[in-house]
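First up is the structure itself, then whatever we jot down about it.
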Amino acid sequence: MRLSRYFLPTIKENPSEAQIASHRLMLRAGMIRQGAAGIYSWLPLGLRVLKKIENIVREEQNRAGALEVLMPTIQSSELWEESGRYDDYGKEMLRIEDRHGRNMLFGPTNEEMITDIFRREIHSYKDLPKNLYHIQWKFRDEIRPRFGVMRGREFLMKDAYSFDLTPEEGVNSYNAMFVAYLRTFARLGLKAIPMRADTGPIGGDLSHEFLVIAETGESEVFFHKDFEGMESLVDFPADAEGLQAIVNEWTTPYAATEEMHSEDDCPVEGNNLIRGRGIEVGHIFFFGDKYSKPMKASVQGPEGEMLNVQMGSYGVGVSRLVGGIIEACHDENGIVWPEAVAPFKIGLMNLGAKNEECTAFCDVLYAELEEAGIEVLFDDTKDGAGAKFKNMDLIGLPWQVAVGPRGLKNGVVELKNRKTGEKEELTKEALLAKFTA
RNA sequence: CGGGGAGUAGCGCAGUCUGGUAGCGCACUACACUGGGGGUGUAGGGGCCGCAGGUUCAAAUCCUGUCUCUCCGACCA
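Right, here's the structure in full:
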C-alpha cells in the first residue's frame, strides 16, 4: 500500500480525552475515531488489526471444533422474557421499539438466541456435542465507558456456546475452549493467565477469566511466578485426557483477581507471588442447564428420556484485544505490534522522494516486496525524513526499511527492528532474501 | 447513578472574572529553501465561540434552560 493513496490521519499531539496509552495511541495512529461515548469508527489501519485478531480467534475456534454462525445484532425481547433476563439485565441493555411498537433490543449477548436456534433443530443425543460461535458486534450501555475500545459500549466479541449431553462431556467442551484460548492469546503475542472467576450474572459453577498482564490493566491480579515460564502455545490435544492434562497444568498454580484474592488464605508465600495488573480479554463459563431448563432445550437420550442439555459459553473481547495488545506492546515512541497482528509487516520509507534515482529504487523494491506477498506500507510522500521516521514509530510496524540517497551510494538500505531498535544495512537482494526465506 | 471538570478553526489551548465586531501553536493551501529523526521562511484559507431562550445600544464573556464530552467512585468482554 502506498501511503499517498492510503487513509492514515495521524495526530502529533495527544488528544485531551485519552487517558491511557492504548486509547491515545489508537487515536494518534489514525486507527479509530470516536462517534459517541464508547462508540468508535474503525479507520483502515485499525480495521486491519481488528481483522487479523478476528481471524486468529476464528482459526483457533475452528481448530477446537466450534462452528461459525452469525446471529443478528438486533433481537426481539420475546426470548429474553422467556429466560427471565429481560427484566434482570437492567439499563445495560439498550432497548429499542420498532414501528409496530414491538420491544426490540441491541444484543448484549446471545445465550437466549443460540439456545432457541439449538432447541428448534436438535432433538437427539446423537447430534451432540455441538459448539456454535459467532463474531459479532454487541452493545452494553455501560454507565461509564472509558479507555477507548477497552471499555466501549459497542464492541466486537467472539462468543461460543457449547451443548453436551452430560456434565462430564460439557466439561470436556469447556476444556477444549480453555486450550483454544491459551493458543489464541499466545498467537496474538500475549501472555494471558487463566484465573478462576466469579461467574456473575451468567451463572454456573465453573469459570475462568483470561487476563493479559499489563501495567495499565484495570484489575489487580495475583499469581504464582511459575506462570512466567509456562509455554501457552500448546499443541491442541486429540482427546479428552490430553485436554484435561493441559487444563490441570494451567489451573494448578495459584492465580486470582483482586475480588477472589485474600491475603490470609493465599497459598503462595511472599517471593513466589507476583502482584500485577491485568486486562480481561476472555471469559469462559460452564453453567449446565441454567438456560436449557427454562428455555426447554432438551434432547432425547439413548433410553428415550428427555434431558436438558449441558451448556457453556465462551467470550473473547476482540475489539478490546486491540487495546489490550497495545497496552502490553508499546514504548514512548508509539505502538510496537507483534508480527501476527501488525497491520503491515514492513514500513518502507523513501527518504529521497525528490531524488529520481532513489524514488525509482523504492518503486522497484516496493513492487518486489508486494510480489513476494509481503504486506508493506510504502511511505512515498514528500514529507521530511524526520516526520516519516516518527510516523513509522508511532504506527509500530515490526520492520522499517529506510531508503535514502546516502545509503544508495553504497548500494544499501537500512533495516530497523521496531521492537529492539536494532539497525542493519543490507543490499536490496539481502533484504528480499531475508523476508522471502 | 453520586461527585468534579470542560465545550472557542481539524488537533491542543488562551480570551470569560472586568460585555465593545475572535486569537496563539500545530495541522492545511501556495511558493522558495531544506532533505537520514516531526526543518526554515514568506503569503494565505478556515470559526453562528455546543444548542435554545433572556438581559443589554452591544454577549464567546452576564442570567436561565438544555445537549454533549470527560475525570473520580460503585458495575462489566
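At position 20 of the first sequence (counting the first as 1) the number is 6 in the numbering used here, and the numbers step up by one without a gap.
Just so it is clear, CB atoms sit at the ideal spot from N, CA and C, and this is done for glycine as well.
When DSSP states are grouped into helix, strand and coil, residue 323 belongs to the coil group. In this structure, residue 320 sits away from residue 263, with a CB-CB distance that is not shorter than 8 Å.
Here DSSP, grouped into helix, strand and coil, assigns residue 317 to strand. Taking each of 390, 392, 405, 400 in turn and checking the Cα distance to residue 383, the smallest one comes out for 405.
For residue 243, no alpha helix (DSSP H) encloses it; the enclosing beta strand (DSSP E) starts and ends at 241 to 243.
Looking from the CA of residue 44, the closest CA among 33, 102, 122 belongs to 122. By alpha-carbon distance to residue 68, the top candidate from 216, 313, 276 is 276. Across the structure, residue 313 and residue 104 are spaced so that their CA atoms are roughly 38 Å apart.
In the structure shown, the three-state DSSP call for residue 229 is helix. Here the segment 160 to 173 lies against the segment 33 to 51, with 3 or more beta-carbon pairs under 8 Å apart.
With contacts defined by Cβ atoms closer than 8 Å, residue 366 and residue -11 form a contacting pair. When the five nearest sequence neighbours on each side are left out, the beta carbons in the same chain lying within less than 7 Å of the beta carbon of residue 59 are those of 92, 93, 122, 123, in order along the chain. The count of Cβ pairs closer than 8 Å, one atom from the segment 26 to 43 and one from the segment 339 to 346, stays below three, leaving the stretches out of contact. Judged by beta-carbon spacing, residue 270 lies beyond the 8 Å limit of residue 147, meaning their Cβ atoms are not closer than that value. In this structure, the alpha-carbon of residue 371 lies about 32 Å from that of residue 135. Beta-bridge partners assigned by DSSP to residue 120: 145. Burial check for residue 358: the Cβ neighbour count within 10 Å stays below 16, so the residue is exposed. With distances taken between CA atoms, residue 164 lies nearest to 235 out of 208, 129, 235, 116.
Judged by DSSP secondary structure, residue 251 falls outside any beta strand (DSSP E); it is assigned neither H nor E. A buried status is given to residue 117, since no fewer than 16 other beta-carbon atoms sit within 10 Å of its beta-carbon. Looking at the backbone, the Cα of residue 242 and that of residue 266 are separated by about 12 Å. In the three-state DSSP reduction, residue 85 falls in the coil class, being neither helix nor strand. Here the C-alpha atom of residue 133 lies approximately 23 Å from the C-alpha atom of residue 377.
Secondary structure at residue 2: coil, using DSSP grouped into helix, strand and coil. With distances taken between CA atoms, residue -7 lies nearest to 364 out of 364, 392, 387, 410.
As a beta-bridge residue in DSSP terms, residue 180 pairs with 196. Residue 55 carries a coil assignment under DSSP once its states are collapsed to helix, strand and coil. Around the CB of residue 42, 16 or more other CB atoms lie within 10 Å, so the residue is classed as buried. Judged by their CB atoms, residue 249 and residue 205 are not nearer to each other than the 8 Å cut-off.
Counting only runs of 3+ residues, the beta strand (DSSP E) found wholly inside the segment 268 to 306 occupies 284 to 286, 292 to 294, 296 to 303, in chain order. Restricting attention to 326, 294, 80, the CA atom closest to the CA of residue 153 is found in 294. Pairing residue 232 with residue 13, the inter-Cα distance amounts to about 39 Å. Per the coordinates, the alpha-carbon of residue 310 lies some 33 Å from the alpha-carbon of residue 102. In the structure shown, the three-state DSSP call for residue 65 is helix.
At least 8 Å separates the beta-carbon of residue 125 from that of residue 303. Residue pairing of residue 333 in beta bridges, as defined by DSSP: 363, 386.
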